[in-house]
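Using numbering that gives the first Met the number 0, you'd call the opening residue of the sequence shown number 0 and step up by one each time.
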Amino acid sequence: MRIGVLGSGVVGKALAAGFAGHQHEVMIGSRSPEKLVDWLRENPGVGSGLFGDVAAFADVIVLAVKGTAANEALAIAGEDNHAGKPVIDATNPIADEPPVNGVLKFFTSLDESLMEQLQRQYPRTRFVKAFSSVSSARMVNPHFEGGKPTMFICGNDATAKEVVTGILGQFGWETEDMGGVEAARAIEPLCMLYCIPGFTREQWTHAFKLLR
Ligand SMILES: NC(=O)c1ccc[n+]([C@@H]2O[C@H](COP(=O)([O-])OP(=O)(O)OC[C@H]3O[C@@H](n4cnc5c(N)ncnc54)[C@H](OP(=O)(O)O)[C@@H]3O)[C@@H](O)[C@H]2O)c1
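Here you go:
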């Protein structure tokens, strides 16, 4: 598939490299693509561009920007360039204030997630929450003694979720579909839980697994 990654941070780079490693055609986007020159030299199969070029190129888009900028990044990318396409939403609504005792602050409430805000703003775009509750270093081909980790996903479009489930399987995850976009109210805060051992004990190497 043609994958367009919106985001030049650690998540955008990890997922762009991961998709390229799994033989997809990949472009990574930034408002200033020139900042990616060194990284592109180390990842020669990946192209780069402005958010709009990358979204227009893609069959599947990855949204990997700062949570407070997610709406703006999608506006810059151009609504017509992502309408109708699956957008893998890896963002978290992390506020600009510091964590309290290792607990991140969010700018959303438990009654409205960031992905619901984005879905309402861009009704034609097929958002699927994924990759938001694991550190960038464990997103692609994760290896755990305890077996395959679980990625919780949600979104309103069944076909888009099938596409994302296929990608997650390729990357070495088992997928649990939690339902419609509202389930992002529960999935996004997993990031808070994930980060507590990181901020308080420097432990960032875990992942979640659903046991039955
Ligand atoms: N770090 C992790 O391990 C991790 C794990 C799971 C999920 N996440 C989530 O993934 C997302 C990306 O995280 P990250 O740590 O890779 O990077 P980040 O620092 O949160 O975001 C960097 C990206 O945000 C874009 N951006 C910042 N301000 C913007 C604005 N005003 N308008 C448009 N774009 C703007 C930047 O664009 P430019 O390229 O133009 O500068 C850059 O591409 C976040 O939502 C984070 O919560 C992170």
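Glycine is no exception: its CB is placed at the ideal position from the N, C-alpha and C atoms.
On a predicted model such as this, the values are computed, not experimentally measured, just so you know.
Distance from residue 184 to residue 156 at the Cβ level is roughly 18 Å; contact not present, criterion being Cβ atoms closer than 8 Å. Distances between the C-beta of residue 7 and the heavy atoms of ligand 1 include at least one below 7 Å. When secondary structure is reduced to three states using DSSP, residue 79 falls in the helix class. With respect to the C-alpha of residue 33, the residue from 44, 15, 48 having the closest C-alpha is 48.
By the C-beta density criterion, residue 143 is exposed, having fewer than 16 other C-beta atoms within 10 angstroms. Short note on residue 190: C-beta closer than 7 Å to some heavy atom of ligand 1. In the structure shown, residue 26 falls within a strand segment according to DSSP collapsed to helix, strand and coil.
When DSSP reads this structure, residue 128 sits in a beta bridge with 88, 153. The region 52-65 makes contact with the region 7-19, as at least three CB pairs between them are under 8 Å.
The alpha-carbon separation between residue 100 and residue 202 amounts to approximately 15 Å. Taking 8 Å as the cut-off, the beta carbon of residue 209 is found no closer than this to the beta carbon of residue 187.
Between residue 162 and residue 59 the beta-carbon gap is near 6 Å, inside 8 Å, which marks them as a contact.
With a beta-carbon spacing of about 28 Å, residue 42 and residue 117 fall beyond the 8 Å limit used to define contacts.
For the pair residue 109 and residue 29, the Cα-to-Cα distance works out to about 30 Å. Minimum Cα-Cα distance from residue 13 among the listed residues 97, 170, 200 corresponds to 170. Residue environment: residue 137 is assigned as buried (16 or more neighbouring CB atoms within 10 Å of its CB, all protein chains considered).
By the 16-neighbour rule on beta-carbons within 10 angstroms, residue 76 is buried. By the C-beta density criterion, residue 35 is buried, having at least 16 other C-beta atoms within 10 angstroms.
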